[in-house]
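Q: Dropping the structure in here first, questions after.
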Amino acid sequence: MSTFKLLTAELWHRKMNVNLSLLALVAAATLFVASPTLLRGYQQESEQRLAAMQQETERELEALQAKAKDDLANLDKRTKRIMRDLGFNLRIVHANTDLGQLYANFVSFDMPEVYVQKLADSPEITKIVHLVASLKQMIELEGKPRLLVGLAPEATQSHMEGKAPMGLVVKPGTVYLGQIAAEGHKVGEKIEILGKEFELAHILPAHGRADEDIAVFLDLKDAQDLLDKPGKISEILALGCKCKTVERVEEIMAELELVLPDTKVTEASLQADAREKQRNLVTRHHEQSMADYEANREKIVEQEEKQRDQVMDLLSGVTSVVTPLIILVCAIWVGMLTWSNVRERRAEIGLLRAIGKRSGSIAALFLGKAVLLGLAGGVVGCLLGYGFARWLATGVFEVAVENFTPSALASVCAILGTPLIAAMASYLPTLAAVNQDPAVVLSGDQ
Numbered sequence: 000m001s002t003f004k005l006l007t008a009e010l011w012h013r014k015m016n017v018n019l020s021l022l023a024l025v026a027a028a029t030l031f032v033a034s035p036t037l038l039r040g041y042q043q044e045s046e047q048r049l050a051a052m053q054q055e056t057e058r059e060l061e062a063l064q065a066k067a068k069d070d071l072a073n074l075d076k077r078t079k080r081i082m083r084d085l086g087f088n089l090r091i092v093h094a095n096t097d098l099g100q101l102y103a104n105f106v107s108f109d110m111p112e113v114y115v116q117k118l119a120d121s122p123e124i125t126k127i128v129h130l131v132a133s134l135k136q137m138i139e140l141e142g143k144p145r146l147l148v149g150l151a152p153e154a155t156q157s158h159m160e161g162k163a164p165m166g167l168v169v170k171p172g173t174v175y176l177g178q179i180a181a182e183g184h185k186v187g188e189k190i191e192i193l194g195k196e197f198e199l200a201h202i203l204p205a206h207g208r209a210d211e212d213i214a215v216f217l218d219l220k221d222a223q224d225l226l227d228k229p230g231k232i233s234e235i236l237a238l239g240c241k242c243k244t245v246e247r248v249e250e251i252m253a254e255l256e257l258v259l260p261d262t263k264v265t266e267a268s269l270q271a272d273a274r275e276k277q278r279n280l281v282t283r284h285h286e287q288s289m290a291d292y293e294a295n296r297e298k299i300v301e302q303e304e305k306q307r308d309q310v311m312d313l314l315s316g317v318t319s320v321v322t323p324l325i326i327l328v329c330a331i332w333v334g335m336l337t338w339s340n341v342r343e344r345r346a347e348i349g350l351l352r353a354i355g356k357r358s359g360s361i362a363a364l365f366l367g368k369a370v371l372l373g374l375a376g377g378v379v380g381c382l383l384g385y386g387f388a389r390w391l392a393t394g395v396f397e398v399a400v401e402n403f404t405p406s407a408l409a410s411v412c413a414i415l416g417t418p419l420i421a422a423m424a425s426y427l428p429t430l431a432a433v434n435q436d437p438a439v440v441l442s443g444d445q
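Shown next as structure tokens:
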């Protein structure tokens, strides 16, 4: 009988041994294919997931920044309006003005009216806006002390961004009265001021300030005519500044000296500080919101990366440690089954040697069986490995199907490597079978 027929008869006759050997080889091939396939699929999925998360974070951050920028701009506009409603915070007066007299009695050294337009036309002036010429003087009105205030329309600064005018705009021939100055008067009636009649156009609400509550507001030209001060003003009211330092007045004075060296500036510091603090508060709130969002997203990405690294370490450990260990166990199992098969067939081996079968033929029976079982186990294990890896990847690790790609190299290694491992595991038992003495075996001494 040929070696091939003996081999097929062996496979058919000893089914238990064959099935156990095949099971071990299939398990080894399955794990060999499944582990790296699952590792590669999860790695691709996690990288895509992190990249998508990063892109989503960038998109959300850009959208949030755009929204925050719009909100900040709107809030800044509202803040500017609120701060603007607090009134002018700068008073530019002649250098000869006694500030004590200015604060106590509203007395200042007069300046030419052209000063205000000179400031407005000077590109060097960048830290103050809303320039308004004003003429002030205490007068008697109906036997009571009142502050006459002449106001010119706001001067246009062509080199600056256009802004809505602030302050009062009094039309010629009309008068605005502060709350105290308006006692006993109604809007629409005529009021005589220094011998000239004016129509009461508006009564201002109480502000708790002498320069407003007892004030009589006129158009600047009307005030100059009444006080016989043509082309003269007492001060220039302004709003500022856009400085980011505490030396605001010094910075403004540095600009004024370039244009109007014979002037000086006083500041209502509470208003200026409130305006600057409000702007800084809005800016810090925006920056903090952006920082909190970025920190939160970075924390989420960090957690995702940590989880990915943990799973990758687990799968890498399975691939590099557990898989070789199980393959070794399966190889030992195949070797033990082959050794058992050799012992069961001692008499058969002795008989084959007695009738002239050479050692090569005897070795071919056992190694051929191992190679055939290894080849079958490699093919079946390859298919089962991919199936198991795909189920585990999509069902447990949530890997997208498109990221699950079988490896041709792993398939070739499994199909060719399993027969090799089976043959190596069967080598020692085969060597023992070849070295048996047929005379001893057949005599029954062993």
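Residues in the sequence shown are numbered consecutively from 0, following numbering that gives the first Met the number 0. Each residue gets a CB set at the ideal place from its N, CA and C atoms; glycine is no exception.
#1: Just how far apart, CA to CA, sit SER233 and ALA222?
#2: When the Cα atoms are used, what is the spatial distance from GLN136 to LYS228?
#3: If you reduce the DSSP assignment to three classes, tell me which class ASP69 lands in.
#4: Taking DSSP's pairing of strands, which residues face ALA237 in a bridge?
#5: Measure the alpha-carbon distance for ILE179 versus GLU249 and round it to whole angstroms.
#6: For ARG450, which three-state DSSP category applies?
#7: Quick one: Cα of GLU347 to Cα of ILE331, how far?
#8: If contact is defined by three or more beta carbon pairs under 8 angstroms, each pair taking one atom from either stretch, is the region 50-65 in contact with the region 357-371?
#9: Out of ALA154, SER133 and THR155, which one is the CA nearest neighbour of LEU147?
#10: Please classify GLY504: is it buried, with 16 or more other beta-carbons within 10 angstroms of its beta-carbon, or exposed?
#11: Can you check which of these residues, LEU63, GLY177 and THR173, is closest to GLY187 by C-alpha distance?
#12: Quick one: any contact between the region 107-126 and the region 197-214, if contact means 3 or more CB pairs under 8 angstroms?
#13: Terminal residues of the continuous beta strand (DSSP E) containing LEU217?
#14: Please report the distance separating the alpha-carbon of VAL333 from that of LEU22.
#15: Judging by CA-CA distance, which residue of ALA119, TYR41, LYS368 and GLY40 is the nearest neighbour of SER20?
#16: Taking the beta carbon of THR244 as the centre, do at least 16 other beta carbons fall within 10 Å, making it buried, or is it exposed?
#17: So, for LEU167: in the same chain, excluding its five sequence neighbours on each side, which residues have a beta-carbon less than 7 angstroms away from its beta-carbon?
#18: Could you pull the start and end residues of the alpha helix (DSSP H) that GLN476 belongs to?
#19: Identify whether GLN136 lies in helix, strand or coil by the three-state DSSP scheme.
#20: Anyone know if the C-beta pair for HIS93 and THR282 falls short of 8 angstroms?
#21: Going by alpha carbons, who is nearest to ALA62 out of TYR292, THR417, SER425 and ASP312?
A: With the structure as the only source:
#1: 11 angstroms
#2: 11 angstroms
#3: helix
#4: LEU89
#5: 36 angstroms
#6: Missing from the structure shown is residue 450; the chain here goes from 0 to 445 and no further.
#7: 24 angstroms
#8: no
#9: SER133
#10: In the structure displayed, the chain extends from 0 to 445; residue 504 sits before or after that span and is not available.
#11: THR173
#12: no
#13: 214-218
#14: 9 angstroms
#15: LYS368
#16: With a pLDDT of 49 at THR244, under the threshold of 50, the modelled position of that residue is not reliable, and the figure given next carries that caveat. That one is exposed.
#17: LEU150, TYR175 and PHE216
#18: What is shown of the chain runs 0 to 445, which leaves residue 476 out entirely.
#19: strand
#20: no
#21: TYR292
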